[in-house]
Structures are given as C-alpha cells and as structure tokens.
Amino acid sequence: MEKLNIKDFKNVIFTPNKNETKFLKPLAAGQYAIFKGVKDQIMSCDGTKINIEDKSCGKRCGGQGDLLCGIIASLIIKSKHTLTKEVFMNSMSLACKILRRAGYLAYIEKGVSTISRDIIDQIPNAFNEIIFVKKLQN
Numbered sequence: 314m315e316k317l318n319i320k321d322f323k324n325v326i327f328t329p330n331k332n333e334t335k336f337l338k339p340l341a342a343g344q345y346a347i348f349k350g351v352k353d354q355i356m357s358c359d360g361t362k363i364n365i366e367d368k369s370c371g372k373r374c375g376g377q378g379d380l381l382c383g384i385i386a387s388l389i390i391k392s393k394h395t396l397t398k399e400v401f402m403n404s405m406s407l408a409c410k411i412l413r414r415a416g417y418l419a420y421i422e423k424g425v426s427t428i429s430r431d432i433i434d435q436i437p438n439a440f441n442e443i444i445f446v447k448k449l450q451n
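Positions 314 to 451 (our numbering) are the ones given, in order, by the sequence shown.
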C-alpha cells in the first residue's frame, strides 16, 4: 500500500490531541490545525493564530474532537462563500466557541458525569446564545 501524502491535500483541518501534536508536521498551503486545551489555538499554514479562551467543560470526555469536527464541517458546508482562509478560520473559531459553550452548559447541568451526549444536547443552546450575542453586538 502506498503511503498517504498529506502535503498534497488542500483545505485540511487537523485536530490533534496533546499526544498527537508531536507528530504534526509543518502545515502546508491550505492546511489548518486546532490545538485543543485550556484554551484552543487555531493556526493556519501562514502562521495566523486565533486563541479561544471561552469557558468550557470542567472535564475532558471522549468524543469532543469528533463533535468539533462535525460542527466545523456543518459551518463550512453552509457557507455561501468561496472556501477561503477567512471562511475556514471563521468556521473553526465559531465551532470552538460553540463546543466550549455547549460543554460548559452540559457541565453546569451534569457535573463530572458529563459525557459527549450531554454536550451534543447543548449545541443548539450554545449556538443560539453565541449568535444572539453576536447580533446584539452588531
């Protein structure tokens, strides 16, 4: 089987966990990474960085990276714009904010027993809160 050459892929978003980060090569054109943790850091291949430090779930639970990818994909697919760096960075930023808020809301309700399903249940609430606040600010 031939080795997969990631450098040939365009418009790729990597979401490595802490251990996987050490294996991530420098980003090529059209590649992005989200480093998840106490704060989320979004990075593009040109070195542009966005830090997201909103409140989040009080504990890590399996599947949050998968939820993040699903939210990002949903936002990108709904974009009515050409897939530019700005669309990707904005989608990743909004997705991080939505997931962090959903995690926070789930944690308030469920505490240390929070699981990914609880976070999923809070995504609509988080989305509405973030979009409503954004509209009020504009």
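Using N, Cα and C, we set each Cβ at its ideal position, and we do this for glycine too.
Extent of the continuous alpha helix (DSSP H) run through residue i
i: residue 390; result: 377-391
i: residue 400; result: 398-423
Identity of the residues DSSP links to residue i by a beta bridge
i: residue 364; result: 354
i: residue 325; result: 344
Close-in-space but distant-in-sequence residues of the same chain around residue i (CB under 7 Å, 5 per side omitted)
i: residue 408; result: 381, 384, 385 and 388
Same chain only: Cβ atoms within 8 Å of residue i, ignoring 5 sequence neighbours per side
i: residue 374; result: 427, 428, 429 and 432
i: residue 404; result: 385, 388, 389 and 392
i: residue 362; result: 354, 355 and 356
i: residue 411; result: 384, 436, 439, 440 and 443
i: residue 350; result: 331
Unbroken beta strand (DSSP E) run spanning residue i, endpoints
i: residue 346; result: 344-348
Cβ shell of residue i (< 6 Å), same chain only, five flanking positions each side left out
i: residue 344; result: 325 and 358
Any chance the segment 416-429 sits against the segment 347-363, with 3 or more Cβ pairs inside 8 Å? no
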